[in-house]
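If you count the sequence shown from 1, position 52 lands on 52 in the UniProt record's numbering, and the numbers rise without skipping.
Backbone N, C-alpha and C define an ideal beta-carbon position, used for all residues, glycine too.
These notes are about the structure you will find just below.
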Amino acid sequence: MVITAAPLRPGVWRAYADHRMAMAGAIVGLRVAGVQVDDIGSTSKTLPEFPQLWAHMLESDI
1 MVITAAPLRP GVWRAYADHR MAMAGAIVGL RVAGVQVDDI GSTSKTLPEF
51 PQLWAHMLES DI
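Now the structure itself:
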């Protein structure tokens, strides 16, 4: 079997109210421009300040 990868494209990442899926989508969005996580608020289950921390990280020069 040969699997040929297709280029990744922008789109909506469905989190399905799962904080793990939302965080995974955020990470994918680092590599693929235009990825939007549909329910980033679901991260409040494990890290309520995730959206603010993520935004701060993206603005950082580190």
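Euclidean distance between Cα positions of Ser-60 and Ile-3: If you draw a straight line from the Cα of Ser-60 to the Cα of Ile-3, it comes to about 37 Å.
Going by beta carbon distance, what residues of the same chain come within less than 7 Å of Ala-33, once the five residues before and after it are set aside? For Ala-33, where only same-chain residues beyond five positions count, the Cβ hits under 7 Å are Pro-10.
Closest by C-alpha distance to Leu-8, when choosing among Arg-14, Val-35, Tyr-16: For the residues Arg-14, Val-35, Tyr-16, the minimum Cα distance to Leu-8 belongs to Val-35.
Tell me which residues share the same chain as Gly-29 and place their Cβ nearer than 8 Å to its Cβ, disregarding the 5 neighbours each side in the sequence. Same-chain partners within the cutoff: Trp-13, Val-35, Gln-36, Val-37.
Return the bridge partner residues of Trp-13 from the DSSP annotation. For Trp-13, which the question treats as bridged, DSSP gives the partners Val-37.
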